[in-house]
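> All letters in the sequence shown, in the order written, are residues 30 to 242 by the numbering used here. Virtual Cβ for every residue (Gly too), placed ideally from N, Cα, C. Values in this document were obtained by computation on a predicted structure and should not be read as measured data. Okay, handing you the structure first.
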Amino acid sequence: MMFSVLDEIGKLGIVPVVVIDDANDAKALANALCEGGLPCAEVTFRTAAAEEALKIISKEFPEMLVGAGTVLTTEQVDKAVNAGAKFIVSPGLNPAVVKYCTDKKIPVIPGICTPSEAELAMSLGLETVKFFPAEQAGGLKMIKAMSAPYSNLKFMPTGGINAENVREYLAFNRILACGGSWMVKGALIKEGKFDEIKKMTKEAVDIVREIRG
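Following this line, the structure appears as structure tokens:
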């Protein structure tokens, strides 16, 4: 399961990072992403609505690859998976959380931004890591420099990635996918601008096709 989910993420190229304040917005948001051609979302556990939003999306849109982000504890892993999350993303690398996920065969992508953390991730059996916060931690130049000694490691940069700079990230063959929130900004969700989300999602999908064919 772990590799099939990661393969799917790689094919999509972009993972929309979503913060939902009201679970009632989950269905319309998921619909906009699917209609925009990106049936994927990382619902961040930063809000009280996250768990309920995950349940709604996984029930109403079973074809979606929906995961949970900002997962900091093993308790949150259980909540997320029980709500329908198919993968787990963390801002940092907590060995306890990673081991808990790998023991249960739950795909997990922890955040790193140093060579030491890259080696720790590899020692825990991982081949894909999130690079976070991407732009603030040196961006693509840092990923290129850091990836050189670790030939099996793939990266999912997240943080500061947008429609302007995503192309250069996607063009590097060690990038599995990019995490981004530009097409699902909180204000757009709150204001119910789902047509705009759909439009920007379509544009993001076109960028992936343009770069990766």
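1. Which residue's Cα is closest to the Cα of Glu225: Gly65, Ala52 and Val47?
2. On a CA-only basis, which of Gly208, Ala177, Thr143 and Gly154 is nearest Leu67? Give me that one, please.
3. Any C-beta of chain B sitting closer than 9 Å to the C-beta of Met31?
4. Please state if the CB of Ala97 and the CB of Ala114 are separated by a distance shorter than 9 Å.
5. DSSP state of Leu182, grouped into three classes?
6. So what does DSSP say about Pro162, is it helix, strand or coil?
7. What is the DSSP secondary structure of Thr230, reduced to helix, strand or coil?
8. Could you check where the beta strand (DSSP E) with Gly167 kicks off and where it finishes?
9. Three or more C-beta pairs under 8 Å: does that hold for the region 40 to 47 against the region 205 to 221?
10. What does DSSP give as the partner residue(s) for Cys69 in the beta ladder?
11. In the DSSP assignment, what residue or residues form a beta bridge with Gly208?
12. On the DSSP bridge assignment, give the partners of Gly140 in chain order.
13. Out of Ala177, Pro139 and Gly154, state which residue places its alpha-carbon closest to the alpha-carbon of Phe161.
14. Identify which residue in Gly121, Lys222 and Ser152 has its Cα closest to the Cα of Met185.
15. Could you give the residue range of the alpha helix (DSSP H) that holds Glu193?
16. Could you spell out where the alpha helix (DSSP H) holding Thr103 opens and where it closes?
17. Whose CA, out of Ile135, Gly221 and Ile85, lies closest to the CA of Val34?
18. Quick check on DSSP: helix, strand or coil for Val118?
19. Quick one: what does DSSP say Ile240 is sitting in, helix, strand or coil?
20. Can you give me the C-alpha to C-alpha distance between Asn202 and Leu155, rounded to a whole angstrom?
21. What three-state label does DSSP hand Lys133 in the structure shown?
The short version:
1. Gly65
2. Gly208
3. Of the protein chains in this structure there is only one, and it is not chain B.
4. yes
5. coil
6. coil
7. helix
8. Here Gly167 belongs to no beta strand (DSSP E), and DSSP marks it neither H nor E.
9. yes
10. Leu94
11. Val44 and Thr187
12. Lys159
13. Pro139
14. Gly121
15. Segment: none, Glu193 is in no alpha helix (DSSP H) and carries neither H nor E.
16. Thr103 to Asn111
17. Ile135
18. strand
19. helix
20. 18 Å
21. coil
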